Amino acid sequence: MRDRTDEVERERQLASLDRMLRHNIRNELNVVQGRAEMISDQASDEIAELAAPIEDAAERILNQSNKVREIVELLSKPATMTTLDLAGVVTGVVDQLEGEYPDAEITVEVPPNLELTTVPELKRAVYELVENAVVHTDQATPEVTVTVQQSDGTVELNIADNGPGVPPEEQKVIGGNSDIQPLLHSNGMELWLVKRVVTRANGTIRFEDRKPHGSIITISLPHLDCSEERHLGSQGETSFRSSDRNPMEDAPIGSSESHNRSDDL
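Residues 0 to 264 in numbering that gives the first Met the number 0 are what the sequence shown lists, from first letter to last.
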């Protein structure tokens, strides 16, 4: 009992330190961004051009810190199962991304009325995969196709794109065959977040090359019947709540409902 109490106290202290550090980082980066914007607005064109990379670098650090926050929050709480309308999840994510990236061509092929018992964070995983495909393409027009296939006991969610593919070193980390460190120096943190969500959902993720160009990322998830759902709810730390919907499921990713911007760091 004493050991558990000490462990809880250590976790509490680490969480406090984590929040304080991220808060301080955000404050300092706000100063950097503010000064860079002043230089851009008031200096000559030549000097203003030098300030642009400073603003971009600060924004990248903030975005990466936000991803770290989400991963920390995800790993610090027990997994909870809920019932999701998979077609609604996918179309909701795609509608949001089409608004954010109007030049992207995103096609959806999802069977209607497909309910899936899984983690509520699945919406976040779908968003990250589709956005990753749109943002990191090397083609003039990003093309992404999202399809869902259902078989006995399994649902497969496929995201196919016309981009350069997922780098091999990132595939190794997502597959659990390498350390996460390489992702800290790339755009792979989003994929690692997806991996953690899929693992919590008792699923798997795999990568394939798409001919003649691009890649396919497939998430395989268990499709449980009612008796299996009840059994899952009695096992381990994963609980099942069929009617207790998470408000984040219906909120746009990145909105004030999905997370409070003031708490990003």
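The beta-carbon is built from N, C-alpha and C at its ideal position, and this holds for glycine as well.
Keep in mind that this is a model prediction, so the values were computed, not measured.
Once you ignore the five residues that flank residue i on each side, which residues in its own chain have a CB closer than 7 Å to its CB?
i      : result
Ser226 : Since pLDDT at Ser226 reaches only 43, below the 50 mark, its modelled position is unreliable, and no value is offered.
Thr117 : Met80, Leu83, Ala200 and Leu220
Val133 : Leu96, Tyr100, Ala103, Pro141 and Val143
Val88  : Leu121, Lys122 and Val125
Glu27  : none
Ala51  : Ser39
Ala47  : Ile38 and Ser39
Gln32  : Glu54 and Ala57
Where do the N-terminal and C-terminal ends of the beta strand (DSSP E) with residue i fall, by residue?
i      : result
Val165 : Counting along the chain, Val165 falls outside any beta strand (DSSP E), and DSSP gives it neither H nor E.
Leu115 : Glu114 to Thr117
Asn157 : Thr153 to Asp160
Glu127 : Not the beta strand (DSSP E): Glu127 falls in the alpha helix (DSSP H), residues Leu121 to Val134.
Gln149 : Glu142 to Ser150
Asp84  : Thr79 to Asp84
Val107 : Glu104 to Glu108
Arg205 : Thr203 to Asp208
Pro221 : Ser214 to Pro221
My assumption, with CB atoms under 8 Å, is that residue i sits in contact with residue j. Please give the rounded CB distance.
i      : j      : result
Pro110 : Gly152 : Going by Cβ atoms, the distance from Pro110 to Gly152 rounds to 16 Å, so no, they are not a contact pair.
Asp160 : Thr136 : 6 Å
Asp328 : Val71  : Any answer about residue 328 is impossible in this case: the structure gives the chain only from 0 up to 264.
Val129 : Leu85  : The Cβ separation is near 14 Å, so there is no contact.
Ile204 : Ile173 : 6 Å
What are the start and end residues of the alpha helix (DSSP H) that includes residue i?
i      : result
Ile252 : First-last for Ile252: undefined, no H or E at that position.
Asp55  : Asp44 to Leu74
Does the beta-carbon of residue i have 16 or more other beta-carbons within 10 angstroms, so that it is buried, or is it exposed?
i      : result
Met19  : exposed
Met37  : exposed
Gly98  : exposed
Val30  : exposed
Pro119 : buried
Leu74  : exposed
Leu156 : buried
Glu45  : exposed
Glu8   : exposed
Enumerate in chain order the residues of its own chain whose CB-to-CB distance from residue i is below 6 Å, with the five nearest sequence positions on each side excluded.
i      : result
Asn112 : none
Glu108 : Thr146
Val165 : Phe206 and Ser214
Ala124 : Val193 and Val196
Ile272 : Any question about residue 272 goes unanswered here, given that the chain covers just 0 to 264.
His212 : Asn161
With distances taken Cα to Cα, identify the nearest neighbour of residue i among the options.
i      : options                        : result
Gly202 : Ile38, Leu115 and Glu8         : Leu115
Arg68  : Gly162, Ile24 and Val125       : Ile24
Ala78  : Pro52, Val197, Ala51 and Arg34 : Val197
Arg11  : Pro163, Gln138 and Lys76       : Lys76
Arg34  : His22, Ile218 and Ala57        : Ala57
Leu61  : Asp94, His22, Ser43 and Ala50  : His22
Ile53  : Ser43, Glu168 and Ser39        : Ser39
Ala139 : Ala47, Gln148 and Gly162       : Gly162
Ile218 : Pro167, Gln148 and Gln41       : Gln148
Please return the same chain residues whose Cβ sits closer than 8 Å to the Cβ of residue i, not counting the five positions on each side in sequence.
i      : result
Lys66  : Met188, Glu189 and Leu192
Thr90  : Val107 and Val109
Val93  : Ile105, Val107, Val129 and Val145
Ala42  : Ala50
Asp208 : Gly164, Ser214 and Ile215
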